[in-house]
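Line by line, the protein sequences are chains A and B.
Going by the numbering used here, the first sequence opens with residue 7, and the numbers climb by one from there.
Going by the numbering used here, the second sequence opens with residue 7, and the numbers climb by one from there.
Glycine is no exception: its CB is placed at the ideal position from the N, C-alpha and C atoms.
All values derive from a computational prediction rather than experimental measurement.
For reference, the structure is listed below as structure tokens.
There are 2 protein chains.
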Amino acid sequence: MGDINKEYYNLKFNKLNKYYINKAIEQSSNSDRGSFGAIIVKDNKIISKCNNKVTSLNVPITHAVIVAIRNACEKIGNYSLEGCTLYTSREPCSMCLSAIYWSRINIVYYANAREDASLIDFDDKEIYEELFKKKDDRKIKMHHLYNNTIIDTFVMWKNKIH
Amino acid sequence: MGDINKEYYNLKFNKLNKYYINKAIEQSSNSDRGSFGAIIVKDNKIISKCNNKVTSLNVPITHAVIVAIRNACEKIGNYSLEGCTLYTSREPCSMCLSAIYWSRINIVYYANAREDASLIDFDDKEIYEELFKKKDDRKIKMHHLYNNTIIDTFVMWKNKIH
Chain A
7 MGDINKEYYN LKFNKLNKYY INKAIEQSSN SDRGSFGAII VKDNKIISKC NNKVTSLNVP
67 ITHAVIVAIR NACEKIGNYS LEGCTLYTSR EPCSMCLSAI YWSRINIVYY ANAREDASLI
127 DFDDKEIYEE LFKKKDDRKI KMHHLYNNTI IDTFVMWKNK IH
Chain B
7 MGDINKEYYN LKFNKLNKYY INKAIEQSSN SDRGSFGAII VKDNKIISKC NNKVTSLNVP
67 ITHAVIVAIR NACEKIGNYS LEGCTLYTSR EPCSMCLSAI YWSRINIVYY ANAREDASLI
127 DFDDKEIYEE LFKKKDDRKI KMHHLYNNTI IDTFVMWKNK IH
């Protein structure tokens, strides 16, 4: 790509990104807890736009990214969002980032970094830290109740689909 | 607690846990993708029971634990599940574990360990590993588009609630 073409491409690319990140920010202004918004773009079209629904639905896991992914999948009727880009007003928490991997979204753009959100006393640092700990060192106690039945269920399911 | 009382308590406790984990396993038999089930117990009552809905809803993030938390919160009309116990047929993935923290569930019991699920080619090891990596080393590229507007939105929201 020549220098002029490259410059033109970058300008266009930056303008588009700015447009989409502003759309995510617009969504965040409607949020009822914290200020979080997200949009999902596929083939240069916004297929999903959402804000945080934690207090309106009384569900602590309806973060903007989670709701946006769910809506996008329902809209396109596919559980894979491969080829999609996510714009979010805030860097994803560990739940949302894992959800992004499960959904196969390819690229993420975010406005505020995780550290900025400490401004509004929203901090997910602790959850990231808990995930990195060994099981027995975590605050939430997790007990392994081994049971053969579930192994059987796994095998039955495997035999059914293969 | 005397030895006999302690023994009685442990027996009763184990019996209850076995009962509840079997209920989670029962749910997993109904699952449409993988074999995953979860129940949430509050004050010795099951307030939510779910299986995995990934393929029936076409949404890759509707794991059994996620659906169980959402249903439980909607049922009790509260975004905190403090005092609740989760029984799940399989050790939670990083998304579900983060969701457990957000919901404030206190204790988790699981039947199959994460390693067992490799039997059915369901492996979330990669996502845990990705979360532990530095941002620039992750497979999904994440770009920080700094924008003052969003900071303003945060501050506006903070001023509104304080």
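Unbroken beta strand (DSSP E) run spanning residue i, endpoints
i	result
A117(B)	113–118
I92(B)	Note that residue 92(B) is Leu in the sequence shown, not Ile. Where L92(B) is concerned, the enclosing beta strand (DSSP E) stretches over 90–96.
I52(B)	51–57
V65(B)	Run containing V65(B): none; DSSP gives neither H nor E here.
K141(B)	Segment: none, K141(B) is in no beta strand (DSSP E) and carries neither H nor E.
I82(B)	Careful: I82(B) lies outside any beta strand (DSSP E), inside the alpha helix (DSSP H) at 70–82.
G43(B)	43–48
Cα-Cα separation between residue i and residue j, rounded to whole angstroms
i	j	result
A74(A)	Y152(A)	36 Å
S86(B)	W108(B)	8 Å
L103(B)	I10(B)	36 Å
A30(B)	K147(A)	18 Å
I106(A)	K139(B)	15 Å
V65(A)	I45(A)	20 Å
M101(B)	L137(A)	10 Å
D158(A)	Y25(A)	51 Å
I133(B)	N112(A)	14 Å
S95(B)	R110(A)	25 Å
N50(A)	F19(A)	11 Å
C2(B)	I67(B)	In the structure as shown, chain B starts at 7 and stops at 168, and residue 2(B) therefore has no counterpart that could be examined.
S35(B)	K81(B)	23 Å
C79(B)	C99(B)	20 Å
R144(A)	R144(B)	25 Å
Y14(A)	H150(B)	21 Å
V71(A)	K21(B)	40 Å
N58(A)	K12(A)	37 Å
E135(B)	G8(A)	39 Å
Cross-chain neighbours of residue i in chain A, by beta carbon under 7 Å
i	result
A119(B)	H150
L103(B)	L137
A133(B)	Residue 133(B) is actually Ile in this sequence, not Ala. Neighbours of I133(B) on chain A, chain order: S104, Y107.
Exposure label - residue i; buried when at least 16 CB within 10 Å
i	result
L92(A)	buried
E97(B)	buried
H69(A)	buried
A117(A)	buried
A119(B)	exposed
N16(A)	exposed
D130(B)	buried
S62(A)	exposed
H168(B)	Reliability fails at H168(B), whose pLDDT of 48 lies under 50, so the model's placement of it is uncertain and the value that follows must be treated cautiously. H168(B) is exposed by the Cβ-count criterion.
Closer than 9 Å at the beta carbon, the chain A residues around residue i
i	result
G83(B)	N64
E80(B)	L63, N64, V65
C99(B)	S104, W108
Candidates the options: closest to residue i by CA position
i	options	result
E88(A)	I52(A), N23(A), I53(A), K48(A)	K48(A)
I52(B)	I67(B), S35(B), N23(B), N58(B)	N23(B)
G83(B)	V60(A), E121(A), E135(A)	V60(A)
S54(A)	N20(A), G8(A), Q33(A), I67(A)	Q33(A)
I27(A)	Y14(A), N16(A), G43(A)	G43(A)
Y115(A)	C79(B), S62(B), K141(B), V114(B)	K141(B)
R76(B)	K21(B), C56(B), C99(B)	C56(B)
D122(A)	D143(A), R144(A), S41(A)	S41(A)
Residues that residue i contacts on chain B, provided the C-beta gap is smaller than 9 Å
i	result
V73(A)	Neighbours of V73(A) on chain B: none; closest Cβ ~10 Å, over 9 Å.
I23(A)	Reading the sequence as shown, one finds Asn at residue 23(A) and not Ile. The answer, in chain order, is H149, L151.
Extent of the continuous alpha helix (DSSP H) run through residue i
i	result
I133(B)	131–138
I146(B)	Premise fails: I146(B) is in no alpha helix (DSSP H) and is neither H nor E.
S86(B)	No alpha helix (DSSP H) contains S86(B), which DSSP labels as neither H nor E.
Y102(A)	According to the sequence displayed, residue 102(A) carries Cys and not Tyr. Start and end: 100–109.
Neighbouring residues, chain A, relative to residue i (Cβ below 8 Å)
i	result
V114(B)	I146, K147, M148, H149
Cβ-heavy atom distance, residue i to the ligand ZN, below 7 Å
i	result
I72(B)	For the ligand ZN, the structure offers nothing, since it holds no ligand at all.
Interface residues of chain B facing residue i [CB-CB closer than 8 Å]
i	result
V60(A)	Y85
I111(A)	I146
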